[in-house]
Each structure stands twice: as C-alpha cells, then as structure tokens.
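First to last, the protein sequences are chains V and C.
Residues 3 to 245 in the numbering used here are what the first sequence spells out, letter by letter.
Residues 3 to 245 in the numbering used here are what the second sequence spells out, letter by letter.
2 protein chains.
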Amino acid sequence: MEKNAALAALVKRLSATAALNDEDRRALEALPLRIERKGPNETIVASGDRPSLCCMVVNGFVIRSKAVADGRRQILAFHQPGDIPDLQSLYLHVLDHELSTMSECVLAFIPHAALRAMITRRPLLAEVLWRDTLIDAAIFREWICNVGQRSGISRMAHLILEIYTRLKTIGATKDGAFRFPVTQLQLGQAIGMSSVHVNRILQELRAEGLLQIGHSEIVIYDERKLRELADFDQLYLHLDPAL
Amino acid sequence: MEKNAALAALVKRLSATAALNDEDRRALEALPLRIERKGPNETIVASGDRPSLCCMVVNGFVIRSKAVADGRRQILAFHQPGDIPDLQSLYLHVLDHELSTMSECVLAFIPHAALRAMITRRPLLAEVLWRDTLIDAAIFREWICNVGQRSGISRMAHLILEIYTRLKTIGATKDGAFRFPVTQLQLGQAIGMSSVHVNRILQELRAEGLLQIGHSEIVIYDERKLRELADFDQLYLHLDPAL
DNA sequence: CGTCGTATTGAAGCGTCTCAACGTGAGTGG
DNA sequence: CCACTCACGTTGAGACGCTTCAATACGACG
Numbered sequence: 003m004e005k006n007a008a009l010a011a012l013v014k015r016l017s018a019t020a021a022l023n024d025e026d027r028r029a030l031e032a033l034p035l036r037i038e039r040k041g042p043n044e045t046i047v048a049s050g051d052r053p054s055l056c057c058m059v060v061n062g063f064v065i066r067s068k069a070v071a072d073g074r075r076q077i078l079a080f081h082q083p084g085d086i087p088d089l090q091s092l093y094l095h096v097l098d099h100e101l102s103t104m105s106e107c108v109l110a111f112i113p114h115a116a117l118r119a120m121i122t123r124r125p126l127l128a129e130v131l132w133r134d135t136l137i138d139a140a141i142f143r144e145w146i147c148n149v150g151q152r153s154g155i156s157r158m159a160h161l162i163l164e165i166y167t168r169l170k171t172i173g174a175t176k177d178g179a180f181r182f183p184v185t186q187l188q189l190g191q192a193i194g195m196s197s198v199h200v201n202r203i204l205q206e207l208r209a210e211g212l213l214q215i216g217h218s219e220i221v222i223y224d225e226r227k228l229r230e231l232a233d234f235d236q237l238y239l240h241l242d243p244a245l
Numbered sequence: 003m004e005k006n007a008a009l010a011a012l013v014k015r016l017s018a019t020a021a022l023n024d025e026d027r028r029a030l031e032a033l034p035l036r037i038e039r040k041g042p043n044e045t046i047v048a049s050g051d052r053p054s055l056c057c058m059v060v061n062g063f064v065i066r067s068k069a070v071a072d073g074r075r076q077i078l079a080f081h082q083p084g085d086i087p088d089l090q091s092l093y094l095h096v097l098d099h100e101l102s103t104m105s106e107c108v109l110a111f112i113p114h115a116a117l118r119a120m121i122t123r124r125p126l127l128a129e130v131l132w133r134d135t136l137i138d139a140a141i142f143r144e145w146i147c148n149v150g151q152r153s154g155i156s157r158m159a160h161l162i163l164e165i166y167t168r169l170k171t172i173g174a175t176k177d178g179a180f181r182f183p184v185t186q187l188q189l190g191q192a193i194g195m196s197s198v199h200v201n202r203i204l205q206e207l208r209a210e211g212l213l214q215i216g217h218s219e220i221v222i223y224d225e226r227k228l229r230e231l232a233d234f235d236q237l238y239l240h241l242d243p244a245l
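In structure tokens, the structure reads:
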C-alpha cells in the first residue's frame with residue numbers, strides 16, 4: 003500500500019538524522035496521510051495560499067519558485083523524494099512562494115494539526131523536523147553565494163553538483179549518472195541566467211569533458227574537476243547529523 | 003543591569019510572535035547570559051566553528067557572510083538588535099558561514115544547553131524560535147530572487163527597503179531616516195555587485211530623489227516610488243504572526 | 001598635518017542579455 | 001503513416017550592464 007511506503011520513507015529519512023525510539027516511530031506511523039498523484043508542471047500550492055497540510059515528495063521532482071516583476075521567475079529549490087518542501091508552512095501561515103511539480107509526482111499530504119500535535123508530544127521529532135528546515139536555509143544561503151559571486155560556468159557546475167550530491171543520499175545515482183528532467187529554461191531560472199546562455203555554458207562544460215546533459219538524464223564524467231570549477235564544498239548540505 | 007535589559011529585549015521580541023504565559027516568561031528570564039562588547043569588524047564566530055552558544059544582538063549591527071573562491075565574499079544577512087543570527091547552530095553543529103560585527107556591538111551569548119533544555123520543556127518557546135529561523139529562511143529566499151532576477155538599481159532599492167522595514171519594527175527609524183553604518187563595498191557584497199557600480203547606482207537613486215545615503219545614515223525620501231522600483235512586497239518578512 | 005579607509009570618476013573590456021531565426025524530436029490527428 | 005504542431009535546444013549578431021584597473025578626492029582620526 004502506497005501510504006505505508008510513504009510513511010516508511012519518512013521514517014527512514016528522519017532516522018538518518020537522529021536515533022528515534024519506538025514511541026517516535028509509532029508517532030510518525032500514526033500520521034494521517036493523503037496520497038495524491040500529479041502530472042508535470044502542475045501547481046501544488048501558490049503564493050498567498052494558507053495551506054493546512056504539508057506536502058512530502060514520495061516520487062518525482064518538485065520545484066519551489068517565486069514570481070518576480072515583469073513575469074520573471076526565480077527557482078529557489080529542486081526537491082527530491084523524501085523532502086517536505088513546505089514544512090515551513092507549519093509556522094509561516096501565508097505562503098510567500100509557490101510549489102509545483104517538475105515531473106509526474108506522487109505526493110503525500112500531512113495535516114498541520116497532526117504534525118503540530120506530534121511535535122508537542124515528541125520533542126525529538128520536533129528537533130529533527132526543525133533541523134530539516136535549517137538545512138533548507140543553509141542551502142538557500144549557498145544559492146545566494148552562487149548567484150551573487152560565481153561566474154556562469156561555476157554557478158552551473160555548482161548547481162549540478164548539489165543535485166547530484168543530494169540524489170546520491172537517496173541512492174538515485176549510478177556512477178555519476180542520474181535522471182533529472184530539467185529544461186535549460188529551468189536551469190537558467192535557478193541560477194539567474196537566460197536560457198540562451200545556459201545553452202552555451204552547457205556546451206562549454208561538455209567540451210571540457212566534465213559532464214553530459216540530455217533528455218532528462220545528467221552524467222558527470224569528471225567529478226573532481228567539476229568540484230574544483232564549482233568551488234563546491236558540501237559542508238553546507240549538513241549531510242552528517244553529527245556535524 | 004545590562005543582562006536584564008538583554009533578557010527584556012528577548013522577551014519582548016518573542017512576545018511579538020506568540021502569547022507567552024508566565025511560565026514561558028520565567029523560563030526565558032532564567033536563561034544564563036554572558037554579555038560581551040565588540041569593536042567594529044571583529045569576527046564573532048567563523049566558518050567551521052562548532053559553537054556551544056548562540057549570540058543575540060543587543061546593540062549594533064552584525065553581518066553574516068560566506069567566503070567564496072578567489073577571496074570573494076557574499077554577505078548573507080544584516081542583523082539588528084533583537085536578532086539571534088546563529089540560532090541555527092543549535093541543531094546544525096558546524097557553522098557553514100561566519101558572523102562578524104559591522105559597528106561597535108553589545109552581544110549576549112546564551113549556552114546551547116540552556117536553550118535546548120528550555121525548548122524541550124516549553125513547546126511554545128520552541129515554536130517561537132523555530133519560527134524565527136523560518137523567517138530567516140524566507141529572507142534568504144527573497145535575496146536569491148533579488149540577486150538572481152532584479153536589475154542593479156532595483157536590487158539596491160530592495161535591500162535598503164528591507165533594512166528600513168525591519169528597523170522600523172524595533173523603532174529604530176524616524177520619518178524614513180535611520181542609522182546604518184554600511185560601506186559601499188558591503189552593499190556590493192550583499193547584492194553581488196562591485197563597489198564601483200554600487201557607487202553609480204546610489205548616484206542614480208539620489209538623482210531620482212528617492213533617497214540619500216551618507217556617513218552611516220540613510221534617508222528615504224520617496225518610499226512609494228522606491229517600493230515600486232524595488233518590486234518590494236514585505237509579505238516575505240512575515241512581520242504579522244497571524245499570517 | 002599626514003595617513004588611511006572610503007567614495008568618486010573615467011575608460012576599456014567582456015560577460016551576459018535580447019531578439020530573431022532555425023533545428024530537432026516527441027506527440028497528435030487526419 | 002505522414003504532416004503538423006509545439007516545446008525545447010541551438011546558433012548568430014548587436015547592445016548594454018557591469019567589471020576591472022587606475023587615478024583622484026574626501027573625510028575621520030591620531
């Protein structure tokens with residue numbers, strides 16, 4: 003049953019951060035879930051909404067983005083299975099950005115009320131979820147650096163390495179290759195670059211033999227060189243809970 | 003006594019978010035504080051540190067920044083009295099960026115252990131502090147948009163309006179004027195722009211009669227026009243706890 | 001009164017944008 | 001099964017915002 007699979011994924015994800023005891027586990031498994039399927043490019047929640055549920059990605063990829071003046075759009079994050087992109091809506095009641103699907107998605111919706119009740123009773127789970135939102139913020143900080151300071155090619159390399167590194171933690175990569183159905187326009191919206199220029203930057207990366215990017219698959223050929231070019235230090239992802 | 007003043011400021015700040023009861027208040031007032039003074043441009047904590055205390059700004063201004071390759075630096079946030087810039091270090095144990103003073107500062111250091119103990123016993127305080135870190139993240143998101151999408155002049159206007167709007171909440175402005183001891187280099191490091199170009203952008207803003215910026219004071223002449231130019235919508239600051 | 005950090009100005013160069021045309025591949029309907 | 005469509009990727013050319021370098025001006029401070 004899909005609900006159980008989703009809950010299992012959630013338990014697994016949170017167990018990676020802290021040693022949950024049986025009561026914590028039971029509290030998680032008691033969460034009421036609503037499973038929903040969505041097609042590509044559908045809005046999940048929009049800016050200005052006051053959602054009463056959080057959304058966990060079970061399958062597929064989700065984008066967080068913000069509309070700026072003149073119809074421009076900034077992508078703020080790419081989310082993978084296991085992520086809860088709008089966890090912050092638990093305490094920030096009006097959404098200041100929007101959530102939409104990139105690909106076909108399976109989503110699990112969890113009522114705020116149930117999460118809040120759980121958090122009050124189980125401080126360790128509160129801590130684990132809080133930490134999740136803090137890592138979110140750490141990634142935002144790195145994106146500010148990326149967009150603000152790095153050259154075009156370095157920015158792109160950094161973004162791709164981040165996605166790769168995070169996907170590796172859920173076992174969704176294989177020898178530097180991973181599925182990621184992104185368009186050049188979306189890449190540009192994530193790093194503040196026109197899609198035309200994205201195209202040229204990708205050609206440079208390809209010409210250097212660093213990576214290949216095609217129909218919804220990315221292959222990294224030379225991770226070491228790419229990391230150097232990107233000025234990539236994965237500390238900001240806080241993957242090790244001991245740190 | 004300075005400790006009491008600092009605690010009072012903390013209580014006031016957190017009371018603005020939620021209705022604290024007497025027990026919450028007492029728990030806050032029982033926090034052990036160490037007051038420290040620092041001169042301008044001193045490092046408070048550095049990237050890679052594992053702090054065992056959080057730092058609250060009592061007086062003065064604090065900068066969060068991250069070093070990028072080639073000695074470049076990105077400023078991530080400007081912090082004002084009442085802020086706790088490294089609250090995230092409670093659960094993200096290794097610092098991925100650094101904290102330093104802009105001006106002369108009075109800081110109050112609170113041990114993590116004391117905060118953690120308080121949080122476990124008083125869920126409402128946990129919620130209020132969690133919310134604080136979520137607002138932090140919301141501001142980071144807006145900065146990504148700012149640096150990624152807006153034109154130079156719009157970016158600068160947005161930054162200044164953000165500082166102004168936040169300072170207004172603590173009563174540190176007067177008719178559009180406020181003290182803020184920032185250099186053009188720092189402004190540039192915050193919005194991803196060379197200090198030379200910052201200078202020219204500020205001249206444009208001055209020439210349009212929108213604002214004046216001089217020796218540690220900024221004066222906004224035409225807030226309406228400035229907001230329009232900046233594409234500024236203060237929703238992202240989440241100043242109203244009901245929203 | 002000299003020094004040092006910051007602000008200001010000019011000029012050359014380049015990274016990136018915009019506009020516009022064209023190529024390509026997947027999906028759709030006649 | 002082919003023609004059509006549509007979204008996405010690719011290419012070229014010109015314009016412009018911004019950077020860098022370098023020189024000069026200003027203002028606070030010892």
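All C-beta atoms in this analysis are idealised placements derived from N, C-alpha and C, irrespective of residue type, glycine included.
What you are looking at is a predicted structure, and each value in this text was computed from that prediction instead of being measured.
Can you tell me whether Val130 (chain C) is helix, strand or coil according to DSSP? Helix at Val130 (chain C).
On the DSSP letters alone, give me the boundaries of the alpha helix (DSSP H) that Asn201 (chain V) sits inside. Taken as a continuous stretch (DSSP letters only), the alpha helix (DSSP H) holding Asn201 (chain V) covers Ser197 to Ala209.
Between Ser22 (chain C) and Arg157 (chain V), what straight-line distance do the alpha-carbon atoms span, to the nearest angstrom? Note that residue 22 (chain C) is Leu in the sequence shown, not Ser. Spanning the two alpha carbons is a distance of roughly 44 Å.
Beta-bridge pairing of Cys57 (chain V) - partner residues as DSSP gives them: Note: Cys57 (chain V) sits in a beta bridge opposite V:Phe111.
Run through chain V and tell me which residues come within less than 9 Å of Asp224 (chain C), C-beta to C-beta. Residues of chain V passing the Cβ test: none, with the nearest at roughly 18 Å.
Counting C-beta neighbours from all protein chains within 10 Å, is the total for Ala232 (chain V) 16 or more, i.e. buried, or is it exposed? Ala232 (chain V) is buried by the Cβ-count criterion.
Given a threshold of 16 other Cβ atoms within 10 Å of its Cβ, counted over all protein chains shown, does Lys14 (chain V) qualify as buried or as exposed? Looking at its Cβ environment, which holds fewer than 16 other Cβ atoms inside 10 Å, Lys14 (chain V) is exposed.
For Gly178 (chain V) and Tyr223 (chain V), which I take to be in contact (beta-carbon distance under 8 Å), what is that distance rounded to the nearest angstrom? Contact between Gly178 (chain V) and Tyr223 (chain V) holds: CB atoms are separated by about 7 Å, below the 8 Å threshold.
In terms of residue numbering, what span does the beta strand (DSSP E) encompassing Gly216 (chain V) cover? Start and end: Leu213 to Gly216.
Out of V:Leu169, V:Asp134, V:Phe63 and V:Leu127, which has the shortest C-alpha to C-alpha gap to Pro42 (chain V)? Looking at V:Leu169, V:Asp134, V:Phe63 and V:Leu127, the one whose alpha-carbon comes closest to that of Pro42 (chain V) is V:Phe63.
Interface positions of the region 172-206 of chain V facing chain C (Cβ-Cβ less than 9 Å), listed along the chain: When C-beta distances to chain C are compared with 9 Å, the residues of the region 172-206 of chain V below that value are Gln191, Ala192, Ile193, Gly194 and Met195, in chain order.
Beta carbon of Pro53 (chain V) nearer than 7 Å to that of Val47 (chain V): Closer than 7 Å, so yes.
Around the C-beta of Glu100 (chain C), are 16 or more other C-beta atoms found within 10 angstroms, so that it is buried, or is it exposed? Counting Cβ neighbours within 10 Å, Glu100 (chain C) comes out buried, since at least 16 surround it.
Would you call the CB atoms of Arg75 (chain V) and Gln188 (chain V) closer than 7 Å? By the CB criterion at 7 Å, Arg75 (chain V) and Gln188 (chain V) fall outside the cutoff.
Quick one: measure Cβ to Cβ for Arg181 (chain C) and Ala29 (chain C), integer angstroms, because I've assumed they're closer than 8 Å. Contact flag wrong, Cβ pair sits at about 33 Å.
Once DSSP output is grouped into helix, strand and coil, what is the label at Ser156 (chain V)? Ser156 (chain V): helix per DSSP, three-state reduction.
Under 7 Å between C-beta atoms of Val108 (chain C) and Cys147 (chain V): Going by C-beta atoms, Val108 (chain C) is not nearer than 7 Å to Cys147 (chain V).
If you draw a straight line from the C-alpha of Glu31 (chain C) to the C-alpha of Leu9 (chain C), how long is it? Distance between the alpha carbons of Glu31 (chain C) and Leu9 (chain C) is about 6 Å.
Three-state secondary structure (DSSP) of Phe80 (chain C): Correct three-state label for Phe80 (chain C): strand.
Proximity of Ser196 (chain V) and Gln186 (chain V) at Cβ, strictly below 7 Å: No, the Cβ-Cβ distance between Ser196 (chain V) and Gln186 (chain V) is not below 7 Å.
Would you call the CB atoms of Ile193 (chain C) and Leu204 (chain C) closer than 7 Å? No, the Cβ-Cβ distance between Ile193 (chain C) and Leu204 (chain C) is not below 7 Å.
CB contact below 7 Å: Ile146 (chain C) versus chain V: It does: the Cβ of Ile146 (chain C) has a partner Cβ on chain V nearer than 7 Å.
Can Phe234 (chain V) and Leu163 (chain V) be called in contact, C-beta distance under 7 Å? Their beta carbons are under 7 Å apart, which means Phe234 (chain V) touches Leu163 (chain V) by this criterion.
What are the uninterrupted segments assigned as beta strand (DSSP E) that are 3 or more residues long and contained completely in the region 30-57 of chain C, given in chain order? The region 30-57 of chain C contains these whole beta strand (DSSP E) runs: 36-40 and 45-47.
Grouping DSSP H, G and I as helix and E and B as strand, with all else coil, what is Ile162 (chain V)? In the structure shown, Ile162 (chain V) sits in a helix (DSSP, three-state: H, G or I).
Where Thr122 (chain V) meets chain C, residues with beta-carbon distance less than 7 Å: Result: Pro125.
Can you tell me the Cα-Cα spacing of Cys57 (chain C) and His114 (chain C), whole angstroms? Whole-angstrom Cα-Cα distance: 10 Å.
Closest to Glu219 (chain C) by C-alpha separation, out of C:Ile77, C:Pro183 and C:Ala244, would be which residue? Taking the Cα of Glu219 (chain C) as reference, the smallest distance to any Cα among C:Ile77, C:Pro183 and C:Ala244 is reached at C:Pro183.
For Gly150 (chain C), is the classification buried or exposed, using 16 other Cβ atoms within 10 angstroms of its Cβ as the cut-off for buried? With 16 or more neighbouring CB atoms inside 10 Å of its own CB, Gly150 (chain C) falls in the buried class.
Nearest-angstrom Cβ-Cβ length linking Ile121 (chain V) and Ala128 (chain V), presumed shorter than 8 Å: Between Ile121 (chain V) and Ala128 (chain V) a beta carbon distance of about 4 Å is seen, short of the 8 Å cut, so the two are scored as contacting.
What in chain V is Cβ-close to Glu1 (chain C), meaning under 7 Å? Here chain C comprises residues numbered 3 to 245, so residue 1 (chain C) is not present and cannot be evaluated.
Classify Pro83 (chain C): buried if its beta carbon has 16 or more other beta carbons within 10 angstroms, exposed otherwise. Around the beta carbon of Pro83 (chain C), a 10 Å sphere encloses 16 or more other beta carbons of the protein chains shown; the residue is thus reported as buried.
Out of C:Glu230, C:Arg27 and C:Leu55, point me to the one whose CA is closest to Ile37 (chain C)'s CA. Minimum Cα distance to Ile37 (chain C) is reached at C:Leu55.
So His240 (chain C) contacts chain V; which residues on that side make the cut at Cβ distance below 7 Å? Neighbours of His240 (chain C) on chain V, chain order: Leu94.
Select from C:Leu239, C:Arg152, C:Ala244 and C:Arg202 the residue whose C-alpha is nearest the C-alpha of Glu246 (chain C). Examination of residue 246 (chain C) is not possible in this model, given that chain C is present from 3 through 245 alone.
Arg39 (chain V) to Ser67 (chain V) span [Cα, whole Å]: Computed Cα separation, rounded: 20 Å.
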